[in-house]
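Enquirer: Just dropping this structure here.
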Amino acid sequence: MTEAPIILWFRQDLRLADNPALRLACDSGRPVVLLYVLADAADGRPWGGASRWWLELSLRALDLSLGALGARLVLRRGDPVSVVEAMAREVGATDVVWNRVYGGAAQARDAALMARLTENGVRARSCNASLLLEPWALRTGAGGAYKVFTPFWRAARAAIGAPEVLGAPTRIAALERPPASDRLEDWTLYPAAPDWAAGFGDWIPGEVGARARLDAFLQGGFGRYAAQRDEPGIEASSRLSPHLHWGEIGPRQVWAAAHAASAAGLASERDLDKLLSELGWREFNHHLLAERPDLKDAAFKPAYEAMPWRSDPQGLAAWRRGRTGYPLVDAGMRQLWTTGWMHNRVRLVAASFLVKHLLIDWREGERWFWDTLVDADEANNPANWQWVAGCGADASPFFRIFNPVAQGERFDPKGDYVRRWVPELAGLPDSLIHQPWKGTAAERNRAGMEPGDYPAPVVEHAQARLRALDAFKNLTPPSTDSL
DNA sequence: TTTTGAGTTGTTCGA
DNA sequence: GTCGAACAACTCAAA
Numbered sequence: 026m027t028e029a030p031i032i033l034w035f036r037q038d039l040r041l042a043d044n045p046a047l048r049l050a051c052d053s054g055r056p057v058v059l060l061y062v063l064a065d066a067a068d069g070r071p072w073g074g075a076s077r078w079w080l081e082l083s084l085r086a087l088d089l090s091l092g093a094l095g096a097r098l099v100l101r102r103g104d105p106v107s108v109v110e111a112m113a114r115e116v117g118a119t120d121v122v123w124n125r126v127y128g129g130a131a132q133a134r135d136a137a138l139m140a141r142l143t144e145n146g147v148r149a150r151s152c153n154a155s156l157l158l159e160p161w162a163l164r165t166g167a168g169g170a171y172k173v174f175t176p177f178w179r180a181a182r183a184a185i186g187a188p189e190v191l192g193a194p195t196r197i198a199a200l201e202r203p204p205a206s207d208r209l210e211d212w213t214l215y216p217a218a219p220d221w222a223a224g225f226g227d228w229i230p231g232e233v234g235a236r237a238r239l240d241a242f243l244q245g246g247f248g249r250y251a252a253q254r255d256e257p258g259i260e261a262s263s264r265l266s267p268h269l270h271w272g273e274i275g276p277r278q279v280w281a282a283a284h285a286a287s288a289a290g291l292a293s294e295r296d297l298d299k300l301l302s303e304l305g306w307r308e309f310n311h312h313l314l315a316e317r318p319d320l321k322d323a324a325f326k327p328a329y330e331a332m333p334w335r336s337d338p339q340g341l342a343a344w345r346r347g348r349t350g351y352p353l354v355d356a357g358m359r360q361l362w363t364t365g366w367m368h369n370r371v372r373l374v375a376a377s378f379l380v381k382h383l384l385i386d387w388r389e390g391e392r393w394f395w396d397t398l399v400d401a402d403e404a405n406n407p408a409n410w411q412w413v414a415g416c417g418a419d420a421s422p423f424f425r426i427f428n429p430v431a432q433g434e435r436f437d438p439k440g441d442y443v444r445r446w447v448p449e450l451a452g453l454p455d456s457l458i459h460q461p462w463k464g465t466a467a468e469r470n471r472a473g474m475e476p477g478d479y480p481a482p483v484v485e486h487a488q489a490r491l492r493a494l495d496a497f498k499n500l501t502p503p504s505t506d507s508l
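Residue numbers (the numbering used here): 26 to 508.
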């Protein structure tokens, strides 16, 4: 007769280190059933294509790490509440533990599961593995949620202190006869034909890859982070976003490692502050999502719902395919399509272009990013789109319209980034790389370009800018006290 | 309750 | 070429 097992329900916490729910399960001394549930479409927002690709590889990596400890992952598919409940019954578990997912539908679902398990006499507990603070932990003096980043982050830094980091378990007691598992291949998360993920190869999904990525960053880009993280042609950003999203590494680990690296002289105080504030934006976005579970659907500032967005299928298609005629925008959109990721600075320019130059609803862009980004996140993606569109919390003023040429010349001065992702422009001189339409036929010819290689701009910048200013200005009702 | 200072990432124009 | 101001008002957070 074996002891009753405890179920660990893996979610967006696909790691062994600093995993409080896993630690709870292992410390119980009882056999652990390690469960992952692929939710069906009825449960919240279905994963996008790039996310599914990542998930398959991350689950493989997790299973491998667990295997080294003599355990294995059990895969099931369906409505998570029913699946977890059924599993508890199947193995006779008296305990279920998990790390919380902080999303729109997830919280209600967790509450439902907890109630159901409790009814069945099963003890259910959840932990926080993915955020430095609970998203509802901080309140303003008036008791509301923060809507401006700076005061939020000031309060957050004071509350965070020095977060504790848990080590990985050294052993996991397995059940003698673990429950049956789905075969990962049968989930067909990975694209078969065509394999559009062929260019995703730089990523190493999983905890080992996440740790390697963090270490490489701390040794390399960290010391240039504040100065150069805005330059897409240079490797100075951390590229941790997908690893953090899937919980292959947690923010507490990044926090601690960054402080240690900074103390060891690998980066300045400024670099450290900048990196921490990026973690801060991640916290802030989750704080906003907790406040507005419908963040991906509804403008944070309701006045923006009156915006007369244009219907422009051709413009949208050109944007998605990276054929707007603006090299920096196109380079970004192609990097996204090819690698599942886009540099942060270029995301701003590309998103601004869709919303301001094309006047297309930010939700269209949010959906495209959701499908194509390996770091597509329920909090970060909509919050950042809303910020760019002007309808978000603490958003940029509407008259701040990025000039894709000026941004290119400022942040990609030598055109390295554009040349990498828009190779048909590679032969152009630096002076034309961000505005190829200014080149003469002879110059294009000298650059090895054929007519039609690269499209003319879909909109003219100055005109589009004025159109956007006009449209956004009309959103704010005219003041009533003027004669 | 009222007041006050401030607010991630920009662009353009004119001196 | 460089610099400062204008761009529009509004809302937030704390005193």
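All residues carry an ideal CB built from backbone N, CA and C; glycine is no exception.
Since the model is a prediction, treat every value here as computed from it, not as a measurement.
Taking buried to mean at least 16 other C-beta atoms within 10 Å of its own C-beta, is Leu491 buried or exposed?
Expert: Answer is exposed; the Cβ neighbour count stays below 16.
Enquirer: Indicate the three-state DSSP secondary structure (helix, strand or coil) for Leu59 in the structure shown.
Expert: Three-state DSSP puts Leu59 in a strand.
Enquirer: For the alpha helix (DSSP H) containing Trp280, name the first residue and the last one.
Expert: Unbroken alpha helix (DSSP H) run through Trp280: 276–288.
Enquirer: How about the segment 260–278 and the segment 34–43: do they share at least three Cβ pairs that are nearer than 8 Å?
Expert: Enough Cβ pairs lie closer than 8 Å, so yes.
Enquirer: Can Asp135 and Gly103 be called in contact, C-beta distance under 7 Å?
Expert: Cβ atoms of Asp135 and Gly103: not closer than 7 Å.
Enquirer: Taking just the CA atoms, how far does Arg295 sit from Glu434?
Expert: Rounded to the nearest angstrom, the two C-alpha atoms are 25 Å apart.
Enquirer: By a C-beta neighbour count over all protein chains shown, 10 Å radius and 16 as the cutoff for buried, is Pro535 buried or exposed?
Expert: Nothing can be reported for residue 535: it is not among the residues displayed for the chain, which extend from 26 to 508.
Enquirer: Relative to the C-alpha of Trp387, which candidate in His486, Glu303, Gly415, Val399 has its C-alpha closest?
Expert: If we check each option's Cα against that of Trp387, Gly415 comes out closest.
Enquirer: Check whether the segment 246–260 touches the segment 284–302, counting contact only when three or more Cβ pairs, one atom from each stretch, lie closer than 8 Å.
Expert: Enough Cβ pairs lie closer than 8 Å, so yes.
Enquirer: Are the Cβ atoms of Pro276 and Leu157 separated by less than 7 Å?
Expert: Result yes, Cβ atoms of Pro276 and Leu157 sit closer than 7 Å.
Enquirer: According to DSSP, Cys152 sits in a beta bridge with which residue or residues?
Expert: In the DSSP output, where bridge partners are listed per residue, Cys152 has Asn124.
Enquirer: Are Ala343 and Trp446 closer than 7 Å when you measure CB to CB?
Expert: No. Outside cutoff.
Enquirer: Taking only the alpha-carbon atoms, compute the straight-line gap between Ala170 and Arg164 and give it to the nearest angstrom.
Expert: Roughly 5 Å between the two C-alpha positions.
Enquirer: If we ignore side chains and look at the alpha-carbon of each, how far apart do Ala111 and Val147 end up?
Expert: The alpha-carbon atoms of Ala111 and Val147 are separated by roughly 12 Å.
Enquirer: Terminal residues of the continuous alpha helix (DSSP H) containing Phe497?
Expert: Here the alpha helix (DSSP H) through Phe497 covers 486–498.
Enquirer: According to DSSP, what are the bridge partners of Ala64?
Expert: Beta-bridge pairing links Ala64 to Gly103.
Enquirer: Is Leu91 near Leu98, with beta carbons less than 7 Å apart?
Expert: For Leu91 and Leu98, yes; Cβs fall inside 7 Å.
Enquirer: Fully enclosed by the segment 434–475, which beta strand (DSSP E) runs are 3 residues long or longer?
Expert: List check, beta strand (DSSP E) in window: nothing returned.
Enquirer: Roughly how many angstroms lie between the CA atoms of Glu330 and Glu256, to the nearest whole one?
Expert: Glu330 and Glu256: Cα-Cα distance of roughly 34 Å.
Enquirer: Count the other CB atoms within 10 Å of the CB of Val173; is the residue buried (16 or more) or exposed (fewer)?
Expert: The residue in question, Val173, is exposed, as its Cβ has fewer than 16 Cβ neighbours within 10 Å.
Enquirer: Tell me the DSSP secondary structure of Ile185 in three-state form.
Expert: It is helical.
Enquirer: Report the option in Lys439, Gly440, His382 whose CA atom is closest to the CA atom of Glu485.
Expert: When only C-alpha atoms are compared, the closest one is His382.
Enquirer: With Ala222 and Asn310 assumed to form a contact (beta carbons below 8 Å), what rounded beta-carbon distance in angstroms separates them?
Expert: With 8 Å as the limit, Ala222 and Asn310 do not qualify as a contact, their Cβ atoms being about 26 Å apart.
Enquirer: Taking 7 Å as the threshold (C-beta atoms), are Ala481 and Trp462 in contact?
Expert: Yes, they are a contact pair.
Enquirer: Please report the residue range of the alpha helix (DSSP H) in which Trp395 lies.
Expert: Its alpha helix (DSSP H) spans residues 387–397.
Enquirer: Below 7 Å between beta carbons: does that hold for Thr364 and Gly224?
Expert: Yes, the Cβ-Cβ distance between Thr364 and Gly224 is below 7 Å.
Enquirer: Suppose you measure from the CA of Arg264 to the CA of Ala149; what does that come to, to the nearest Å?
Expert: So the two alpha carbons sit approximately 35 Å from each other.
Enquirer: Considering only their Cβ atoms, is the gap separating Val399 from Pro79 smaller than 7 Å?
Expert: Looking at the sequence itself, residue 79 is Trp, so the reference to Pro does not match. Cβ atoms of Trp79 and Val399: closer than 7 Å.
Enquirer: Roughly how far, in whole angstroms, is the beta-carbon of Ala130 from the beta-carbon of Asp68, given that I think they are within contact range, below 8 Å?
Expert: 7 Å between Cβ atoms; contact.
Enquirer: How many angstroms separate the CA atom of Trp280 from the CA atom of Asn470?
Expert: Trp280 and Asn470: Cα-Cα distance of roughly 51 Å.
Enquirer: According to DSSP, is Phe423 helix, strand or coil?
Expert: Phe423 falls in the coil class under three-state DSSP.
Enquirer: Using three-state DSSP, classify Phe35 as helix, strand or coil.
Expert: Residue state, collapsed to three classes: strand.
Enquirer: Does the separation of the CB atoms of Leu291 and Leu243 fall below 7 Å?
Expert: Going by C-beta atoms, Leu291 is nearer than 7 Å to Leu243.
Enquirer: Quick one: give me the first and last residue of the alpha helix (DSSP H) that Pro267 is part of.
Expert: Segment 266–270, the alpha helix (DSSP H) holding Pro267.
Enquirer: Could you give the residue range of the alpha helix (DSSP H) that holds Tyr250?
Expert: Residues 250–253.
Enquirer: Of the choices Leu239, Phe325, Asn44, whose alpha-carbon is the least far from that of Ala285?
Expert: Of Leu239, Phe325, Asn44, the residue nearest in Cα terms is Leu239.
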